[in-house]
Each structure stands twice: as structure tokens, then as C-alpha cells.
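One structure is given below, encoded as C-alpha cells.
In the working numbering, the protein residues as written are -19 to 99.
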């Protein structure tokens, strides 16, 4: 992990009947994220076998992720996502600023991890 970067790893349980809606939502979210400065990675993955969605996001720093979280439509998008999932594991990797950590703590079950070692 690059120094200062923030990575979000989220795993969500998804019922099969919600997959098509999630595909549409993911495409919309990726289109928006592609235009955001400081968004380094924004990848959605789905496993039919496990009935789960994985979202991997990497940002240049806390400021970039806060901008993403505060962007127009982000709250509505997250509300739509939460309505389609039945479980959430949410991991924050890196050293968020105090303001960023406070914003992330509002995510149900958010877990914070400091870097232990990296190449």
C-alpha cells in the first residue's frame, strides 16, 4: 500500500434477485468515480457461488475519500446499495485523518486497520 493511501474493502451479501439492480448501480458508481481526482481504484466484483459482492476502493489520501463520500448523489447511491444487500463487512486500511475516521465510523460495523508491513 502506498504511504498515505486509504483502501476500503467491503464484502456484502446479495440475494440473487438483487444482482441485476446491483450491476446497474455499480456501473453508475464507477462512471462517477472515474471522474473523481484521487480515486486510484474503484472495482466491484460479484461471486454467484458465494452470493456476495466485493467492493475495493483506493484513494490517494483521506481528503480524496472524503470528497468521494461528500459528492453529489453519494448518499442516495449508498442508500440504494444498502437496500439491496443483506450483510456488510467494511474494512478501512490505512491511516485516515480524525475527520475521515469520524465519517467512516458511521458505516455499520466499520473496522480500521493500520499498515503492518508493505512492499
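Where is the CB? At the ideal position from N, CA and C, for every residue including glycine. Remember, it's a predicted structure, so these values are computed and weren't measured experimentally.
Buried versus exposed, by CB contacts within 10 Å (16 or more), residue 80: Residue 80 counts as buried, since at least 16 other C-beta atoms from the protein chains shown sit within 10 angstroms of its C-beta.
Residue of 11, 15, 39 minimising C-alpha distance to residue 21: Comparing C-alpha distances from residue 21 to each of 11, 15, 39 shows the shortest one belongs to 39.
Beta bridge counterpart(s) of residue 32 as assigned by DSSP: Partner(s): -7, 27.
Sequence-distant residues of its chain with Cβ nearer than 7 Å to residue -2 (five each side left out): In chain order, 64 place their CB closer than 7 Å to the CB of residue -2, counting only its own chain and leaving out the 5 sequence neighbours on each side.
Segments assigned alpha helix (DSSP H), at least 4 residues, entirely inside the segment 20 to 99: Residue ranges of uninterrupted alpha helix (DSSP H) with 4 or more members, entirely inside the segment 20 to 99 and ordered along the chain, are 42 to 50, 54 to 64, 78 to 84.
Residue -8 versus residue 75 - alpha carbon distance: If you take the alpha carbons of residue -8 and residue 75, they lie about 23 Å apart.
Among 1, 83, 45, nearest to residue -16 - alpha-carbon criterion: Checking every option, the nearest Cα to that of residue -16 belongs to 45.
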